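Counting in the working numbering, the sequence shown runs from -19 upward without gaps.
Cβ atoms here follow ideal geometry from the backbone N, Cα and C, with glycine treated the same way.
In this text, all values refer to a predicted model and were calculated from it rather than measured experimentally.
Here is the structure we will look at.
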Amino acid sequence: RFFLISLHSYIDRGQSSTPNTTIMSTEPVILWALPPSANSSVVRSFLKVFDIDFKEENAWGKTRTPEYIAKFPTNLAPSIEHGSVYVTEGGAILRYLACAFPDKAGSAYPEDAQTRANVDMLVDYTNTGICSLIPKSVYATVGFPGNPGDVMSLDETKEFSDVAKEVCGKAIYESLESKYGEIFLKDTKFLLSDTPTIADFRFAPMLNFIKVATKLPDRIVEYEKAMNELPGYTEACAGVVEFASPSWKK
């Protein structure tokens, strides 16, 4: 059994940690997902756009079972199974899929060291930046529970939840405009690239939740349209759009 725990780190009893860049199994990928989750649509959209065969399982009510935790110790979704490989965390999943299916999805994670570093930077920046603000600015509106310590999660501060949502929404808009729009999309159709990479799939599906917190700058609207033109992308995000769109900022 393999657990993917970092960019190219695999743990197995007595096995080498050398990354395998070929298809490790001929079996279809199993995607464990939560239907209304923007994070789940990150992986689903990548699988559909790059035409990777997969079967989706609803992870609701299963992530804390012993069977699930034995495969995915973080007990989170999305996660994937691929033969004997079990991968969780969106960025790690996208990297694995691009490396495991190079003929279909290799272009999404270029081998050139500098280009790959830029892609990894974008993935990490999205994870630690905008995505860290989504629970504070969106979850209360869509009925998701907050994270420990969030204003909405504490009885002592719950009355300030609307203020926190507004502050975080403004911070998200500023990042979308000044970083994504004016830098990462300044000269390219996609994020620092004229073709979509795993960075785009980590970022773009989250816009369907981000629109609950803030309107999108014009350049991001244009970018989202380009993502929706990718075959399979709109379908992959349809469930999230149906769930979140009634709460989008007008």
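Helix, strand or coil at A13 [DSSP, three-state]: Here A13 carries a strand assignment [DSSP, helix/strand/coil].
C-beta atoms of F164 and S25 nearer than 8 Å: no
Secondary structure of S59, DSSP reduced to three states: strand
Classification of T1 by the beta-carbon crowding that lies within 10 angstroms, buried from 16 upward: In this prediction, T1 scores a pLDDT of 46, lower than 50, which makes its location untrustworthy; the coordinate-derived value is nonetheless stated afterwards. Exposed, because fewer than 16 other Cβ atoms sit within 10 Å of the Cβ of T1.
Beta carbon of F183 nearer than 8 Å to that of L196: no
Reference K166, options Y203, L11, I178, closest by Cα: Y203
Own chain, CB closer than 8 Å to K84, minus 5 neighbours either side, in chain order: F30, D31, I32
Residues of its chain near D104, where Cβ-Cβ distance is below 8 Å and the 5 sequence neighbours each way are ignored: G71
Between the CA atoms of N55 and E222 - distance to the nearest angstrom: 26 Å
Per-residue DSSP class, three states only, for F81: coil
First and last residue of the uninterrupted beta strand (DSSP E) at T68: 65 to 68
Residue from C111, E91, S158, D130 whose Cα sits closest to the Cα of A18: C111
Own chain partners of F34 with C-beta closer than 6 Å, once the 5 adjacent residues on each side are dropped: P8, V9, L11, L27
The stretch 184 to 195 touching the stretch 145 to 154, judged by at least three CB pairs closer than 8 Å: By the Cβ criterion, the stretch 184 to 195 is in contact with the stretch 145 to 154, since at least three pairs of Cβ atoms, one from each stretch, lie closer than 8 Å.
Buried or exposed by the 16-neighbour rule on C-beta atoms within 10 Å, applied to V23: buried
Cα-Cα separation between F140 and F189, rounded to whole angstroms: 21 Å
Contacting residues, own chain, Cβ-Cβ under 7 Å from N208 (five flanking each side not counted): T214
Distance, L102 Cα to C217 Cα: Rounded to the nearest angstrom, the two C-alpha atoms are 21 Å apart.
Buried or exposed by the 16-neighbour rule on C-beta atoms within 10 Å, applied to V201: exposed
Local Cβ density within 10 Å of P185, reported as buried at 16 or more and exposed below that: buried
Extent of the continuous beta strand (DSSP E) to which K35 belongs: 34 to 38
P176 classed as buried or exposed, judged by whether at least 16 other C-beta atoms fall within 10 angstroms: With 16 or more other Cβ atoms within 10 Å, it is buried.
V143, buried or exposed, once every other Cβ within 10 Å from all chains shown has been counted against 16: exposed
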